[in-house]
Amino acid sequence: MIPRPFAYHAPDSIGAAIALLSDFGDQAKLLAGGHSLLPMMKLRFAAPEHLIDLRRIKGIRGIDMQGDEISIGAMTTEREILASPLLAMHLPLLVETARQIADPQVRYKGTIGGDIAHGDPGNDHPAVMLALDARFVLVGPHGERVVPAADFFLGTYVTAIEPDEVMTQVRISKPAVGSGACYAKLKRKTGDFATAAAAVVLRMDRGICADIAIALTNVAPTAMRAEAAENALRGRPVEDAAIAEAGDLAMAACEPAADLRGDEAYKRAMAGQMVRRALRTALSRCTG
Amino acid sequence: MAKKTVVSFRLNQADVDVLVEPRELLIHTLRDKLDHTGPHIGCETSHCGACTVDLDGMSVKSCTVLTVQCADLDVLTIEGFAKGGQLHALQEGFMQEHGLQCGFCTPGMITRAYRLLQEIPDPTEEDIRYWMSGNLCRCTGYQNIVKAIQYAAAKLRGEVVETSHPMMAEVTV
Amino acid sequence: MNEIARDPAADLGRLERLEGIGCARKRREDPRFIQGRGTYVDDIHLPGMLFGIMIRSPYAHARIKSIDTSRAKAHPGVHAVLTAEDLKPFKLHWMPTLAGDVQAVLADGKVSFQNQEVAFVVAEDRYIAADAAEMVEVEYEELPVVVDPFKAMLPDAPVIRDDLAGKDVGAHGARRHHNHIFNWQIGDRDRTDRAFDAAAVTVSQDMLYPRVHPCPLETCGCVASYDAVRGDLTVWITSQAPHVVRTVVGLLSSIPESKIRIISPDIGGGFGNKVGVYPGYVTAIAASIVLGRPVKWIESRNENLTTTAFARDYWMTGELAADTDGRIKALRVKVLADHGAFDACADPTKWPAGMFHVCTGSYDIANAHVSVDGVYTNKFPGGVSYRCSFRVTEAVYLIERMIDVLAQKLGIDKAEIRLRNFIPKDKFPYHSALGLDYDSGDYTPALQKVMKAVDYDALRAEQAAKRADPDCPTLMGIGITTFTEIVGAGPSKSCDILGIGMFDSCEIRVHPDGSAIARMGTISQGQGHQTTYAQIIATEAGIPASVIQVEEGDTSTAPYGLGTYGSRSTPVAGAAVARASHKIREKARKIAAHLLEVSPDDMEFDLDQFRVKGDPARAKSMKEIAWAAYNNVPEGMEMGLEAVDYYDPPNFTFPFGAYLAVVDVLKATGEIKVRRFYALDDCGTRINPMIIEGQIHGGLTEGFAVAFGQELPYDEQGNVLGGTLMDYFLPTAVETPHWETDFTVTPSPHHPIGAKGVAESPHVGSIPCFSNAVIDAFAHLGVTHTGMPHNAYRTWQQLLALNIAG
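Residue numbers (UniProt numbering), protein chains in the order written: chain A, 1 to 288; chain B, 1 to 173; chain C, 1 to 806.
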């Protein structure tokens with residue numbers, strides 16, 4: 001449980017970090033909170049020759065809101081998300097999600113950017129980002145680009161980030177007033193990845209589902225939207241039968257891999273259960 | 001072998017300099033180089049929390065922190081709790097409420113509980129169970145750890161506290 | 001026990017100063033632990049110390065074609081890379097196990113389980129060792145793997161142990177197959193069969209107690225330091241039995257035991273994991289002897305979970321015969337025990353299934369027969385007792401499950417069927433059908449107290465209402481166990497380890513100022529011996545606990561003892577403590593009589609002094625007597641005040657308890673919530689109620705972990721799955737239920753202070769209680785058994801099979 005040797009860099013600007021990435025190419029890895037990367041390095045599954053620590057870089061940590069857009073620096077920790085009055089008021093879904101990630105110590109170190117950029121379908125933020133239609137700011141040698149979450153997760157551990165890019169910010173439009181949301185996660189114990197989890201953002205209009213986003217964690221090679229389930233709900237009252245049907249459609253869409261948490265059938269069923277659980281809770285939180 | 005570098009930080013309010021490889025983990029620096037063997041190694045995979053230290057106001061698992069990441073920061077370990085022979089309220093609480101048995105998890109537990117009480121001075125049992133869930137204990141079943149933290153919280157708030165295990169409980173004359 | 005007590009108010013103050021038996025004395029070990037000043041093995045740093053890492057096999061069964069250590073040896077900072085070839089000249093490449101088998105220290109030509117020890121790298125520090133470990137190149141030729149003990153016994157099963165070819169007789173009798181270890185039977189088979197033939201009702205149930213691991217928070221490890229000049233060896237080691245380790249090391253190394261010092265310092269939890277002698281210890285010792293430098297070896301968590309001492313892996317079939325009123329007539333049990341690739345079970349020599357024959361439980365069963373077969377598979381060795389006395393957990397699980405199966409078949413309430421079958425109080429001491437002599441018990445009041453405390457009838461009414469409601473999102477289950485344990489191994493006539501009787505010991509020296517030091521052959525791993533042994537001495541010898549220093553774990557200072565496991569510290573060493581205290585007291589009586597110029601027969605012991613019968617003003621305190629022991633003793637008496645006692649118990653002790661659990665099973669996901677758990681324990685005389693409560697909380701929590709999550713499954717290739725704390729279930733404060741505790745007191749008649757031992761009851765008793773509760777939730781649907789662990793996944797499969805999932 002000792003990493004292979006590497007050189008350590010702690011640049012103090014994004015520019016310097018990108019320059020290092022450009023210099024070292026695929027021999028380099030970015031270090032954010034380190035709670036995904038360092039364990040991989042200790043097992044020697046990952047062995048970068050250069051580790052570029054982002055901790056000294058100013059301006060990529062913190063939570064802000066301009067108009068209806070909430071921006072979260074990529075190096076913002078789960079602990080900061082949990083303790084943010086701004087998010088508690090305007091985006092409680094993110095607080096609810098962070099509460100269910102790992103454990104208290106890991107949350108002091110773990111960052112939202114790291115959680116997203118790692119591309120692990122078991123991480124919790126990706127599905128939530130999909131459900132919120134978040135956008136990610138990626139900065140590279142040729143400047144900045146903004147990639148929607150829907151275009152970001154390409155495969156297990158594969159994302160749209162280029163090797164010489166750094167994620168600096170997550171941007172989320174504040175959900176419409178009156179909408180309700182929920183992240184429902186089934187896990188074996190504290191610190192575990194989800195057996196299955198579902199993020200739901202729901203807006204009701206006079207008893208009818210006006211807008212709905214459903215995304216799933218850890219039941220496919222990447223986090224995924226359950227579009228068929230969304231389509232089935234949109235424009236309908238969200239009643240027991242509709243909730244049950246949405247769960248069934250989400251089950252049909254996922255492609256889980258068996259592990260000690262359960263076989264494919266169980267994970268599929270639990271994806272359905274988490275969708276139903278999240279839908280019911282989100283509905284109860286809707287005020288529209 | 002990668003070049004070693006000098007890293008300076010404050011350990012329990014004293015300045016320290018250590019020569020480390022970039023890959024050296026904080027827990028090994030503390031235990032093997034700085035003779036602070038209070039934090040323990042229980043799993044090395046950031047699950048058990050036995051290696052918990054306080055790093056600049058954060059509870060962290062020092063098996064998953066590089067020493068080079070600690071440059072210029074403040075590190076607090078269990079060795080920094082008692083002051084002038086006086087136990088910290090948490091240390092007293094763990095003893096009075098029988099919040100430990102083999103003692104292996106205890107330094108991490110107390111160090112984590114310290115940060116918890118900084119953030120939530122009057123935690124409920126549910127709060128304590130939730131916010132202590134990064135620390136595993138195999139001996140106590142946590143019930144007396146909850147009591148120990150409540151004891152310390154009350155004491156730190158200036159309240160009069162008594163052990164829930166009176167000395168002469170079952171002695172009949 | 002005190003001879004007299006007259007003035008309650010005055011006595012209470014004196015008792016408080018003594019801090020004796022019955023006091024919730026705060027622990028003497030705590031100040032060092034709460035300040036980070038404990039000394040665990042990995043805290044030992046010696047000048048010149050090197051660090052060793054084990055190279056392990058990725059395959060479960062393979063021939064080793066070659067091992068190339070040259071690159072690793074050439075790596076800067078590497079001092080040695082040991083293989084079996086290097087150990088052969090010292091005859092250290094194999095070692096004896098506690099079960100009479102042998103185990104490869106480093107693989108000798110082939111590996112028989114995944115992660116088996118193949119080579120040992122020794123380097124300047126753990127970083128260099130880890131780098132060099134990657135450079136050792138081992139070429140394997142894979143062999144067919146068998147991980148299923150039933151398949152291991154098929155005629156054409158792969159041969160797991162080539163080294164045993166032609167050996168038809170093992171340490172425990174005849175072997176009938178190349179993967180067979182032993183068959184062990186007890187009880188009267190014919191009578192039992194006849195009782196079954198004649199019975200009105202019989203039930204049968206297969207059940208697997210899965211392979212689990214004690215997983216203490218501190219892994220195993222050692223620091224071995226051989227001094228070539230003095231010719232002596234010192235080993236700091238994570239051992240629950242340091243004296244036994246010294247004997248084993250002596251046997252292996254040919255160094256006389258007088259030149260070997262084994263030190264168990266502070267131990268970060270044991271729970272049975274730290275009873276055995278492991279290859280890592282032997283290689284560290286060998287490396288220290290070869291290199292002349294101290295060598296540290298500390299296993300990783302994955303190594304701990306996959307190589308050092310699993311528990312259970314018992315495939316059991318239980319049968320009960322009864323009349324239509326549910327009165328049990330006979331018990332029949334068959335077990336296939338998976339011992340892994342080497343038989344390294346920790347059991348008394350004569351009993352390869354430990355004390356499994358306590359499986360008649362708390363019930364008056366006239367006829368019983370047990371047959372156990374031990375089998376080799378390509379899995380890691382062990383078979384230790386995980387927070388229990390040898391195989392008692394398996395035994396209690398079997399009978400407590402079976403009586404529920406019988407109750408369901410007959411439609412009798414699960415509490416009622418127990419009340420009908422309890423061994424009545426007036427039958428103690430009770431001779432069981434399987435040959436054990438239960439010392440004392442009073443089961444009915446214990447169960448009734450629990451039923452009253454939880455309002456059992458109301459719980460059953462609530463359950464009935466929920467069962468009647470098809471829309472209820474949960475299934476409610478109520479589990480009961482009324483278990484009897486057997487602990488305190490044990491009488492040397494039936495219990496030995498490597499030929500050494502399972503006595504234990506205590507030595508007490510009272511100093512001139514009246515303070516004392518006491519040393520025992522046991523070693524605490526969190527049980528609080530420093531605190532509780534002093535309480536026994538305080539009450540039995542009248543010396544305040546506050547001035548008694550208790551030391552254990554250093555074989556150069558402590559008297560020989562068999563160590564701490566199987567709840568034997570209080571029943572065995574605790575008895576030695578009491579008896580050594582009595583020897584001190586009797587000498588003190590004579591000195592006091594001499595000082596007061598009366599006959600010893602005229603002296604009476606009074607808490608902390610001796611006084612003249614009928615003239616209580618004339619008295620000598622123990623403090624005064626201690627001083628006199630060093631300057632003014634009766635004619636012909638030796639100076640000093642010390643005593644040694646080696647206690648060979650006349651019998652085991654039989655703690656018991658009544659537990660009740662209430663669970664709610666969520667139909668949607670299979671998640672189970674333990675709503676309530678009420679544990680009543682009877683451990684005889686209670687020495688420190690605070691520590692007892694702590695032990696019970698801990699045991700219940702470990703029981704909860706086993707019942708609901710722990711397992712070490714294997715795939716067909718022999719890969720052990722779940723060997724990290726991501727998968728292996730150690731509950732946090734969030735998952736752990738709230739515990740309610742209660743007690744009755746039924747002293748052991750043969751123990752000097754009536755104590756029975758407590759730490760393991762909650763583990764032994766709670767696991768079947770959880771299972772019984774979960775299965776009770778499904779009982780109305782015809783379910784008689786579901787396997788552990790009762791995790792959400794497995795429970796959901798049960799729901800699905802009944803078509804009630806979701």
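Ideal Cβ positions, reconstructed from N, Cα and C, are used throughout, including at glycine.
Since the model is a prediction, treat every value here as computed from it, not as a measurement.
Would you please state the rounded distance, in angstroms, between the beta carbons of residue 375/C and residue 339/C? I believe it to be under 8 Å. 7 Å
Identify the residues that DSSP records as bridge partners of residue 81/B: which are they? DSSP output for residue 81/B lists no bridge partner at all.
Using 8 Å as the cut-off, can you tell me whether the segment 549-566 of chain C makes contact with the segment 234-249 of chain C, which would need three or more C-beta pairs spanning the two stretches below that distance? yes
Do residue 132/C and residue 78/C have their CB atoms nearer than 9 Å? yes
Check whether the Cβ of residue 20/A lies closer than 9 Å to any Cβ atom in chain B. Answer no: the Cβ-Cβ gap between residue 20/A and chain B never drops below 9 Å.
Is residue 156/A buried or exposed, if buried means 16 or more other CB atoms sit within 10 Å of its CB? exposed
Taking only the alpha-carbon atoms, compute the straight-line gap between residue 153/C and residue 352/C and give it to the nearest angstrom. 18 Å
Output, in sequence order along the chain, the residues in the segment 124-139 of chain C whose CB is closer than 8 Å to any CB in chain A. 126, 127, 130, 131, 134
Where residue 15/C sits in the DSSP three-state scheme: helix
To the nearest angstrom, report how far apart residue 1/C and residue 749/C are at their CA atoms. Unreliable positioning characterises residue 1/C in this predicted model, as indicated by a pLDDT of 40, which lies under 50. The coordinate reading is nonetheless provided below. Those two C-alpha atoms are separated by around 13 Å.
N- and C-terminal bounds of the beta strand (DSSP E) containing residue 699/C: Looking at the DSSP string, residue 699/C is not in any beta strand (DSSP E); the run it does join, the alpha helix (DSSP H), is 689-708.
Using CA coordinates, which residue listed in 130/C, 174/C, 185/C, 107/C is at the minimum distance from residue 163/C? 107/C
Helix, strand or coil: which one does DSSP assign to residue 506/C? strand
Restricting to runs no shorter than 4 residues, where is the alpha helix (DSSP H) found entirely within the segment 453-483 of chain C? If we require 4 residues or more, the alpha helix (DSSP H) runs fully inside the segment 453-483 of chain C come out as 456-468.
When you compare only the Cα positions, how much space is there between residue 687/C and residue 488/C? One C-alpha to the other measures close to 16 Å.
According to DSSP, what are the bridge partners of residue 315/C? 208/C, 336/C
From residue 189/C to residue 212/C, what does the alpha carbon distance come to, in whole angstroms? 31 Å
Using DSSP with H/G/I as helix, E/B as strand and the rest coil, what is residue 145/B? helix
Chain-order list of residues whose beta-carbon lies under 8 Å from that of residue 3/C (same chain, five-residue window excluded): The predicted position of residue 3/C is uncertain, since its pLDDT is 49 and thus under 50; a value taken from the coordinates is nonetheless stated next. So the list reads 604, 605, 606, once near-sequence residues are dropped.
Skipping 5 residues on each side, what residues in its chain have a beta carbon closer than 8 Å to that of residue 150/A? 130, 133, 225
Residue 141/A versus chain B: which residues are under 8 Å apart at the beta carbon? None at all; the shortest Cβ gap to chain B is about 25 Å.
Would you mind telling me which residues of chain A sit closer than 8 Å to residue 471/C, beta carbon to beta carbon, in chain order? Here the premise fails: no neighbours, minimum Cβ distance about 11 Å.
Just mark residue 320/C as buried or exposed, buried being the case when its beta carbon has 16 or more other beta carbons within 10 Å. buried
How many angstroms separate the CA atom of residue 637/C from the CA atom of residue 371/C? Here the alpha carbon of residue 637/C sits roughly 56 Å from the alpha carbon of residue 371/C.
Separation of residue 53/C from residue 297/C, as counted between CA atoms: 7 Å
In whole angstroms, give me the CA-to-CA distance for residue 136/C and residue 238/C. Here the C-alpha atom of residue 136/C lies approximately 28 Å from the C-alpha atom of residue 238/C.
Using the Cα positions of residue 15/A and residue 40/A, report the straight-line distance between them to the nearest angstrom. 27 Å
Between the segment 713-745 of chain C and chain A, which residues of the former have a C-beta closer than 9 Å to a C-beta of the latter? 713, 721, 722, 725, 726, 727, 729, 730, 731, 732, 733, 734, 735
Run through chain C and tell me which residues come within less than 7 Å of residue 120/B, C-beta to C-beta. By Cβ distance, chain C contributes nothing, its closest Cβ being about 15 Å from residue 120/B, past 7 Å.
Relative to chain B, which residues along the segment 74-106 of chain A have a C-beta separation below 9 Å, given in chain order? Correct list: 77, 79, 83, 99, 102, 103, 104, 105, 106.
Using a Cβ-Cβ cut-off of 9 Å, state whether residue 154/B counts as contacting chain A. no
Residue nearest to residue 74/B in terms of C-alpha spacing, selected from 23/B, 85/B, 82/B, 57/B: 57/B
Would you list the residues sitting across from residue 364/C in a DSSP beta bridge? Paired residues: none, contrary to the question.
Buried/exposed call for residue 52/B, threshold 16 Cβ in 10 Å: By the C-beta density criterion, residue 52/B is buried, having at least 16 other C-beta atoms within 10 angstroms.
Give the straight-line distance between the Cα atoms of residue 512/C and residue 86/C, rounded to the nearest whole angstrom. 54 Å
Is it right to say residue 241/A is buried, meaning 16 or more other beta carbons lie within 10 angstroms of its own, or is it exposed? exposed
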